[in-house]
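Protein chains in written order, with my numbering: chain R, 122 to 417; chain D, 606 to 926; chain S, 289 to 627.
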């Protein structure tokens, strides 16, 4: 072979960007997801910094301004006992977001472990999980929630734990499907043949392959959790007042819809904004982490 | 197929028993009817005895559950104590009929819109309308029911303030018998719109995904290679396949709608199963809660079965032996 | 000589993707005459299937197609959708690679064939069913009339591909494009399906464009062979000429990798080193250069397709086409001596 031939072979340039880098590039190209990420960051920042910058504390009463609509002094208006609704909305957003993150985290953790175990072992464990999931079709989650809340209280953390205990089948089913598929694949058989322990195979070899869908669904869960928590709060079944979650603020304001709709619609707008952001980010992640995704 | 259906129904019996037992225990251990009485100063022992007798409180919970299920199977769900001791079964059926008044039209509208939007945006993927549908469904998924319902009510209030007239009622159910056709419609519109919004968003996403998968399949290309006209390719070859995965989703959604929507019915003060369920559970009215759970479970089981049978009809690859 | 049935000139197909343009077919020109069998051979990614789908106008809408495709004098790329549908499944038919997925799972085989017939012929349902049964019989499906009411999943892979062929020839096409018709099938069934294609060709006189990666499959079937690589035509000529007098290192490499020795250079199984190029980042110069055992400085510029034998129309894309026979002899000699 001549020198020239060797040189010519070095001309081969194959696409070899790493998967992580490609995913990051694809996510960045997803304009809506990027915008949503920025908006969510700004919202979070305002929830944290907002109350601190405001001249009012969250339970300060302004007796010169009772039950008012939006004004310069109180941009979101005041409630019937003169508390500034902007501060209350920011604090409410803080609680709602914290609860939602906790729910997403707990649900993902529980769902992943149960899904992994039932998918990997199949058989009896799988059947038990199947029946548990079916049982949720018969036993209304609301009953469990109300009964547990009556027993263990309805503080923010308790509500988050209860909601997570009720929503894990969603993630479990996804993780299980992936584990069922991976179980028989060659890299798993190879790891098993090499004497890797079961736990190691499950969490070091298979789990990384399921990472994409788990992350995507955890993100989407934040949106679902915000809606769940605020709906429960609105129905009077969620976090117990005076903790001001976004749902509780709307519940307080719904009676005065006729005179002062802003008090209900502004926190409602925040719920929609957070959920929308979570959904767009989740969608962007799905496109970025799905290697088969292709757009023209 | 009949044998299959019978087997399927029988297979759900243990699930139904276990599920209702769990609910029974949960409610029974949470609500002690004697607790309320204990704070009553004027009540004597005979009142306690009456309550104990009424609820069989002297017997263990499994035995009470067994009694309940024996009666329930015969259609006797006992009195709903939180509703003036009306017959729980009859009360639930009456409220279920009210829920159905908005659930059925909502479901038909949801199916029609979701199939049309899902198919259209899949066929015209990345078109402007596809982006619009995607954007709207994201909004729909992100908009909590109660916020949307409050928004609708606010609009009606503004209209009433601005023009002295509003097209639709914001609360309550009006019937054709008592209030006439027009008022009946005016009271049904907002709850139906609210139900439609909630589910159309997610269903059209599912339909789009199902149709996209079908459209990119080899057999669609085969149909095109035969020179089959576009419309026919989409409807005969595409839609038929893309509806198969939708059947389960429809069944679950319809069962959920018929079982009463807690949020929508509560906000619009609709006398359906949703508000009844909330009040039954919060007041720990055992008989009423159990009657509702029984009905909603039966709805889920029935529609799941219907979905399964429809699968076999739509997809020749599935055969029930 | 009359005009050929199909004339493809300077065909270029490009797909826009996030990672850049994929140039799947680059300047492809060839013809198919009435009744002949042309084999288009190449590895995956060579552009052979994309070219076939471009002729059928079955590529997704985001594909950019340039150049000219003339079928019986009509420019296919200028036809509107309705005009094109008039040809698809009528004079111009196609059989696909995977018979497992190419038939609609929820429609009976009979109905799918009847649809192909009635889309183009104004006949009754009953007449179309009679014709469909005849076609199933022709492709060798036993009890054809009863089988009309079967669903695709009730057929074996080989039977499904037979049914696909029956459907494709239902309107006596002038050109049948078969895209890897046997790749998804068991080896024993492959030969049967090729036999069906041959029989169909005899019965209908259709020209066949056989797209395959398997050079061994085409030896006994094709009149002419055309080898593609990196979206380009690399060599074309009579079957015998290409098999016994190839003037292209890529073709020679393909023949060397056929397990059963057909060509004279195939002494043992020799896979071509490396893998086909990324169609986004094509190598500079000759696209096969990086994998070619004979590459020199000259190969830094892209060679033209050039006719080496005017009498047979044998053409090749290689700077060293003229020295190639000598080079091969030189390489083969020491190996034989050492063996």
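Ideal placement from N, C-alpha and C gives every residue a C-beta, glycine not left out.
Item to complete: Taking all protein chains shown into account, decide if residue 419 (chain R) is buried (16 or more other Cβ within 10 angstroms of its Cβ) or exposed.
Response: The displayed coordinates of chain R run from 122 to 417. Any statement about residue 419 (chain R) would go beyond what the structure contains.
Practice prompt. Output yes or no for whether 8 Å exceeds the beta carbon distance between residue 395 (chain S) and residue 458 (chain S).
Written response: no
Worksheet entry | Chain-ordered neighbours of residue 745 (chain D) on chain R, where CB pairs are closer than 7 Å | Result: empty, since nearest Cβ-Cβ is about 10 Å, beyond 7 Å.
Worksheet item: Going along the chain, which residues of its own chain have a beta-carbon closer than 6 Å to the beta-carbon of residue 339 (chain R), five neighbours each way excluded?
Response: Excluding sequence neighbours, residue 339 (chain R) sits near 225, 229.
Worksheet item: Less than 8 Å separating the beta-carbons of residue 450 (chain S) and residue 427 (chain S)?
Response: yes
Worksheet item: Can you find a CB in chain S that lies within less than 8 Å of the CB of residue 919 (chain D)?
Response: yes
Item to complete: Within its chain, find whatever has a CB closer than 6 Å to the CB of residue 858 (chain D); leave out the 5 residues flanking it on each side and keep chain order.
Response: 804
Worksheet entry | Listed by chain order, chain D residues near residue 384 (chain S) by CB distance under 8 Å | In chain order: 823, 826, 827, 830.
Worksheet entry | Span separating the alpha-carbon of residue 488 (chain S) from that of residue 331 (chain S) | 27 Å
Item to complete: Buried or exposed for residue 700 (chain D), please, with buried defined as at least 16 other CB atoms from any protein chain shown within 10 angstroms of its CB.
Response: buried
Fill in: Interface residues of chain S facing residue 846 (chain D) [CB-CB closer than 8 Å]
For residue 846 (chain D), the residues of chain S that pass the 8 Å Cβ criterion are 392, 393, 394, in the order they occur in the chain.
Worksheet item: Which same chain residues, not among the five before or five after residue 853 (chain D), have their C-beta less than 7 Å away from its C-beta?
Response: 912
Worksheet item: Alpha carbon to alpha carbon, how far is residue 325 (chain S) from residue 469 (chain S)?
Response: 14 Å
Worksheet entry | Euclidean distance between Cα positions of residue 382 (chain R) and residue 195 (chain R) | A straight line joining the alpha-carbon of residue 382 (chain R) with that of residue 195 (chain R) spans about 15 Å.
Discussion item. Give me the chain D residues within the contact set of residue 344 (chain S), using Cβ-Cβ distance strictly less than 8 Å, ordered along the chain.
Written reply: 830
Worksheet item: What are the boundary residues of the alpha helix (DSSP H) that includes residue 857 (chain D)?
Response: 851-863
Discussion item. Which of the three DSSP states is assigned to residue 306 (chain R) in this structure?
Written reply: coil
Worksheet item: Rounded to a whole number of angstroms, what is the C-alpha to C-alpha distance between residue 903 (chain D) and residue 708 (chain D)?
Response: 17 Å
Practice prompt. Might you give, ordered along the chain, the residues of its own chain that have their beta carbon closer than 7 Å to the beta carbon of residue 750 (chain D), omitting 5 neighbours on each side?
Written response: 799, 803, 868, 869
Worksheet item: Mind pulling the chain D residues with CB within less than 7 Å of residue 258 (chain R)?
Response: By Cβ distance, chain D contributes 905.
Item to complete: Please compile the residues from chain S whose C-beta is within a distance smaller than 7 Å of the C-beta of residue 834 (chain D).
Response: 373
Discussion item. Could you tell me the alpha carbon to alpha carbon distance between residue 694 (chain D) and residue 289 (chain R), rounded to whole angstroms?
Written reply: 33 Å
Worksheet item: Thinking C-beta only, is residue 214 (chain R) closer than 8 Å to residue 391 (chain R)?
Response: Remark: C-beta atoms of residue 391 (chain R) and residue 214 (chain R) approach each other more closely than 8 Å.
Worksheet item: If you measure from the beta carbon of residue 813 (chain D) to each beta carbon in chain S, is any gap under 8 Å?
Response: no
Worksheet item: Taking the C-alpha atoms as reference points, what is the distance between residue 792 (chain D) and residue 332 (chain R)?
Response: 48 Å
Worksheet item: Is DSSP giving residue 295 (chain S) helix, strand or coil here?
Response: strand
Practice prompt. Kindly list, in the order they appear in chain S, the residues whose Cβ is closer than 7 Å to that of residue 842 (chain D).
Written response: 392
Worksheet item: In angstroms, rounded to a whole number, what distance separates the CA positions of residue 277 (chain R) and residue 221 (chain R)?
Response: 10 Å
Practice prompt. Scan the stretch 272-300 of chain R for residues whose Cβ lies nearer than 8 Å to a Cβ of chain D and list them as they occur along the chain.
Written response: 272
Item to complete: Would you kindly work out how many angstroms separate the C-alpha atoms of residue 167 (chain R) and residue 814 (chain D), rounded to a whole number?
Response: 36 Å
Discussion item. So, under 8 Å CB-CB, residue 382 (chain S) and residue 465 (chain S) are touching, yes? Tell me the CB distance rounded to an integer number of Å.
Written reply: Taking 8 Å as the upper bound for CB-CB distance, residue 382 (chain S) and residue 465 (chain S) are in contact here, some 4 Å apart.
Discussion item. So within the stretch 279-362 of chain R, which uninterrupted alpha helix (DSSP H) runs reach at least 4 residues, ignoring any that extend past its ends?
Written reply: 307-314, 328-356
Worksheet entry | Where residue 775 (chain D) falls: helix, strand or coil (DSSP) | coil
Practice prompt. Could you tell me whether any Cβ in chain D is nearer than 8 Å to the Cβ of residue 306 (chain S)?
Written response: no
Worksheet item: With DSSP run on the structure shown, which of helix, strand or coil describes residue 213 (chain R)?
Response: helix
Worksheet item: Are the CB atoms of residue 831 (chain D) and residue 403 (chain S) nearer to each other than 8 Å?
Response: yes
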